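First comes the structure, then the notes that go with it.
Numbering (the working numbering), first residue to last: 32 to 206.
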């Protein structure tokens, strides 16, 4: 038996989680336009079914509000890292406002494949959120006065259901 590194085990777990919600199936119903070529980490293929459901859910986060990767995963019945990886590859930004998704620690998190407060992409994410009224401290953590900006999973699921944009995975929760 070949011994796997911790990184290989994590990658296998994420892949398994993504496959368990149907990410390997291509979206065949009313497929969006093909993803544009270019951009680091941006696919040159149409989104998978999982990615499309995630992008649809992301469009339900209104300006001035945010959700965490964990909340997105809870609504979809997926894993937070799978959501982060799919949003990293979002070819439809800003139409799909992935800048409104932050880390569970209420820090900015990554953006467009970059991580760290000093990267150009994360600075752009912070600026976009500031324009929408969502404020962070110097370390990139959501200000306590803005804590109400975080949408709970139940509110996000209700918004998506109301918009007719969400097909929940089997076993997904709405709490």
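Backbone N, C-alpha and C fix where the C-beta goes; we use that ideal spot for every residue, glycine too.
The model shown is predicted, which means the values in this text are computed figures rather than measured ones.
Which of helix, strand or coil DSSP assigns to residue i
i, result
"residue 127", "coil"
"residue 85", "helix"
"residue 172", "strand"
"residue 34", "coil"
"residue 154", "helix"
Bridge-paired residues (DSSP) for residue i
i, result
"residue 142", "145"
"residue 133", "99"
For residue i, the first and last residue of its enclosing alpha helix (DSSP H)
i, result
"residue 103", "100-107"
"residue 163", "Segment: none, residue 163 is in no alpha helix (DSSP H) and carries neither H nor E."
"residue 179", "Neither: residue 179 is in no alpha helix (DSSP H) and is coded neither H nor E."
"residue 114", "111-119"
"residue 184", "184-194"
Beta-carbon spacing of residue i, residue j below 7 Å
i, j, result
"residue 135", "residue 101", "yes"
"residue 127", "residue 91", "no"
"residue 106", "residue 187", "yes"
"residue 110", "residue 104", "yes"
"residue 132", "residue 145", "no"
"residue 163", "residue 94", "yes"
"residue 87", "residue 196", "yes"
"residue 139", "residue 171", "yes"
"residue 160", "residue 168", "no"
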